[in-house]
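Q: If you read the protein sequences in the order shown, they are chains H and E.
Remember, this note's numbering sits 16 above the position in the first sequence when you count from 1.
Remember, this note's numbering sits 162 above the position in the second sequence when you count from 1.
Structure in structure tokens, see below.
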Amino acid sequence: MVESLYFVPQWFYTIDIVLGILFTIFTGIVALYAFRIYRFTGEREFKLFGISFTCLAISYIVRIWLNTFLTTFIASQKILRISDVNLFSKSVIFAYVILFISSYVTLAYTTLKVKGNRTYLLMLIPSIIAFTFSWNKSLTVYLITSLFLLAILYHYVRLYLRTYERRRLAMLLAIALLLASNIIFMLVADYGFYQGYIISSIGELLAYALIAFTLYRITQHGKKAQ
Amino acid sequence: MPLSHSLFIVLHSMEKKRNKLQVIRDILEVIRGRNGKIKPTHILYKSNLSYQMMEEYLDELQEKGFIKEIKQDRGRTYTITDKGHTYLERYKLIEEFATSFGLE
Numbered sequence: 017m018v019e020s021l022y023f024v025p026q027w028f029y030t031i032d033i034v035l036g037i038l039f040t041i042f043t044g045i046v047a048l049y050a051f052r053i054y055r056f057t058g059e060r061e062f063k064l065f066g067i068s069f070t071c072l073a074i075s076y077i078v079r080i081w082l083n084t085f086l087t088t089f090i091a092s093q094k095i096l097r098i099s100d101v102n103l104f105s106k107s108v109i110f111a112y113v114i115l116f117i118s119s120y121v122t123l124a125y126t127t128l129k130v131k132g133n134r135t136y137l138l139m140l141i142p143s144i145i146a147f148t149f150s151w152n153k154s155l156t157v158y159l160i161t162s163l164f165l166l167a168i169l170y171h172y173v174r175l176y177l178r179t180y181e182r183r184r185l186a187m188l189l190a191i192a193l194l195l196a197s198n199i200i201f202m203l204v205a206d207y208g209f210y211q212g213y214i215i216s217s218i219g220e221l222l223a224y225a226l227i228a229f230t231l232y233r234i235t236q237h238g239k240k241a242q
Numbered sequence: 163m164p165l166s167h168s169l170f171i172v173l174h175s176m177e178k179k180r181n182k183l184q185v186i187r188d189i190l191e192v193i194r195g196r197n198g199k200i201k202p203t204h205i206l207y208k209s210n211l212s213y214q215m216m217e218e219y220l221d222e223l224q225e226k227g228f229i230k231e232i233k234q235d236r237g238r239t240y241t242i243t244d245k246g247h248t249y250l251e252r253y254k255l256i257e258e259f260a261t262s263f264g265l266e
């Protein structure tokens, strides 16, 4: 049974924690902004978007914790092994995975424009069950999130092709980068392709930089309008 | 509200379907343009919506606290609230966020 969640090259370990902090800040600010707009408008799309980014932000905080306290040093790599840890640590790993999957499930659900908790639960519960009972945890997590990211990407491509507005392009590229990073993450733990962890992290960084840039542009635009 | 703005709403809706945020802005601007007090028939005429859609939007806007209904002997009128004014002031920001993040 493959019970490792990810591999981090040792020299990249500190950078990875710094990146985790950066991702937490970026996603946290986007979530706060979405909730602020939800307060003005009362539109559920903004609330769901905020929830999705809050889940992402918390999942990154948990990932920093996992990287700091739970990774094992084996042959110049930091490895997160689910089988090596106690029950409490296993619960933290499980919480991380649930938050990570929930963030993309919520974002995919938002883009579907359907109302109903049952649809949401039908997307979320099978994903969690699949992770819980899978033999290859790492592959399952990244496969599930990749599928949801693919659905989200389809939404952004469709929106962009409708108007060709440049302001829609950043989010499309960000989601495409997150999808590519996710696919590479699958290979990292499964085939020991640990260099992929660095490539994926750079992809994630570029994606969140694009999202942060989009938010900066929005706030500047908002200031001008006021 | 000036005629040019009503014309803009009609032409804009002909060009492409308005999204919900735009419809809410249009209704609130119609109410604000009438010194903050307007009858539903005027809203219907100026906002370019069907009667049923307009009623649904008015109910929702009341629930969200953007407008207030005033019942009188000669029918009902609507006024815009402070929250409604805030929505209009921040509309550009809201619209930019919704479009950029694909939430409209």
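A virtual CB, placed ideally from N, CA and C, is assigned to each residue, including glycine.
Got a sec, what are the start and stop residues for the beta strand (DSSP E) G237 (chain E) sits in?
A: On the second sequence, position 75 is the one that residue 237 (chain E) refers to. Element bounds for G237 (chain E): 237 to 242.
Q: Using a beta-carbon distance below 7 Å, is F69 (chain H) in contact with chain E?
A: Position 53 of the first sequence, counted from the start, is the residue given in the question as residue 69 (chain H). False, the Cβ-Cβ gap to chain E never drops below 7 Å.
Q: Going by DSSP in three states, E181 (chain H) sits in which element: helix, strand or coil?
A: For the purposes of this step, residue 181 (chain H) is taken as residue 165 along the first sequence, with counting starting at 1. Residue state, collapsed to three classes: coil.
Q: By how many angstroms is the C-alpha of L137 (chain H) removed from the C-alpha of A260 (chain E)?
A: Working through the second sequence from its first residue, we reach residue 260 (chain E) at position 98. Working through the first sequence from its first residue, we reach residue 137 (chain H) at position 121. Straight-line Cα distance between these residues: approximately 25 Å.
Q: Looking at I33 (chain H): is its Cβ nearer than 7 Å to the Cβ of I80 (chain H)?
A: Along the first sequence, read from residue 1 onward, the residue named residue 33 (chain H) stands at position 17. Along the first sequence, read from residue 1 onward, the residue named residue 80 (chain H) stands at position 64. Contact flag set, yes.
Q: Below 6 Å CB to CB, which residues in the same chain sit around F209 (chain H) once its five sequence neighbours on both sides are set aside?
A: By one-based count along the first sequence, residue 209 (chain H) stands at place 193. Cβ neighbours of F209 (chain H) beyond the five flanking positions: L203.
Q: Going along chain E in order, which residues have a C-beta closer than 7 Å to the C-beta of Y172 (chain H)?
A: As a position in the first sequence, residue 172 (chain H) is number 156, starting the count at 1. Result: G264.
Q: Does any residue of chain E bring its CB to less than 7 Å from the CB of E61 (chain H)?
A: Position 45 of the first sequence, counted from the start, is the residue given in the question as residue 61 (chain H). Output row for E61 (chain H): interface = yes.
Q: Which whole-angstrom value describes the C-beta separation of I234 (chain H) and E258 (chain E), a residue pair presumed to lie in contact below a C-beta threshold of 8 Å?
A: Indexing the first sequence from 1 puts residue 234 (chain H) at position 218. Indexing the second sequence from 1 puts residue 258 (chain E) at position 96. Right, their Cβ atoms sit about 5 Å apart.
Q: Have a look at the DSSP bridge pairing and note the partners of K233 (chain E).
A: One-based indexing of the second sequence puts residue 233 (chain E) at position 71. Bridge partners of K233 (chain E): E:R238.
Q: For H174 (chain E), would you say it is in contact with chain H, using Cβ-to-Cβ distances shorter than 7 Å as the test?
A: As a working note, residue 174 (chain E) is residue 12 in the second sequence. Legend: pLDDT at H174 (chain E) = 48, less than 50; position of this residue unreliable, value from coordinates given subsequently. No, its Cβ sits nowhere closer than 7 Å to a Cβ of chain H.
Q: How do the stretch 54 to 70 of chain H and the stretch 99 to 107 of chain H stand: do at least 3 beta-carbon pairs fall below 8 Å, yes or no?
A: The stretch 54 to 70 of chain H vs the stretch 99 to 107 of chain H: no contact.
Q: Report the rounded CA-to-CA distance for I256 (chain E) versus T203 (chain E), giving the unit in angstroms.
A: Position 94 of the second sequence, counting from 1, holds the residue named residue 256 (chain E). Position 41 of the second sequence, counting from 1, holds the residue named residue 203 (chain E). Those two C-alpha atoms are separated by around 28 Å.
Q: On the CB-based measure, 16 or more other CB atoms within 10 Å of its CB, does S119 (chain H) come out buried or exposed?
A: Your numbering for residue 119 (chain H) matches position 103 in the first sequence. The residue in question, S119 (chain H), is buried, as its Cβ has 16 or more Cβ neighbours within 10 Å.
Q: Contact criterion: CB-CB distance below 7 Å. Does L223 (chain E) meet it with respect to chain H?
A: To locate residue 223 (chain E), count along the second sequence from 1; it is residue 61. By this cut-off, L223 (chain E) is not an interface position.
Q: Could you spell out the range, first to last residue, of the alpha helix (DSSP H) harbouring T148 (chain H)?
A: Here residue 148 (chain H) is taken as the residue at index 132 of the first sequence, counted from 1. Residues 133 to 149.
Q: Using the C-alpha atoms, what's the distance from R55 (chain H) back to G66 (chain H)?
A: Here residue 66 (chain H) refers to the residue found at position 50 of the first sequence. Here residue 55 (chain H) refers to the residue found at position 39 of the first sequence. Using only the alpha carbons, I get a separation of about 11 Å.
Q: Among E:V192, E:T248, E:I200, E:S212, which one has its Cα closest to the Cα of G237 (chain E)?
A: Working through the second sequence from its first residue, we reach residue 237 (chain E) at position 75. Of the candidates E:V192, E:T248, E:I200, E:S212, the one whose C-alpha sits nearest the C-alpha of G237 (chain E) is E:I200.
Q: Any contact of the stretch 140 to 147 of chain H with the stretch 173 to 182 of chain H, i.e. 3+ C-beta pairs under 8 Å?
A: Because the criterion of three Cβ pairs below 8 Å is not met, the stretch 140 to 147 of chain H and the stretch 173 to 182 of chain H do not touch.
Q: 7 Å is my cut-off, CB to CB: does I234 (chain H) come that close to chain E?
A: One-based indexing of the first sequence puts residue 234 (chain H) at position 218. Output row for I234 (chain H): interface = yes.
Q: Is DSSP giving N152 (chain H) helix, strand or coil here?
A: Residue mapping note: residue 152 (chain H) aligns to position 136 of the first sequence, counting from 1. Correct three-state label for N152 (chain H): strand.
Q: Note down, in chain order, each residue of its chain lying with its Cβ closer than 7 Å to the Cβ of T156 (chain H), except the 5 sequence neighbours on either side.
A: Start at 1 with the first residue of the first sequence, and residue 156 (chain H) comes out as number 140. Once the five neighbours on either side are set aside, the close Cβ partners of T156 (chain H) are A146, F147, S150.
Q: Report the option in H:I117, H:A186, H:I227, H:V78 whose CA atom is closest to the CA atom of M139 (chain H).
A: Your numbering for residue 139 (chain H) matches position 123 in the first sequence. For M139 (chain H), the nearest C-alpha among the options comes from H:I117.
Q: Give a yes or no on whether the minimum CB-CB distance between G212 (chain H) and chain E is below 7 Å.
A: One-based indexing of the first sequence puts residue 212 (chain H) at position 196. Closer than 7 Å: no.
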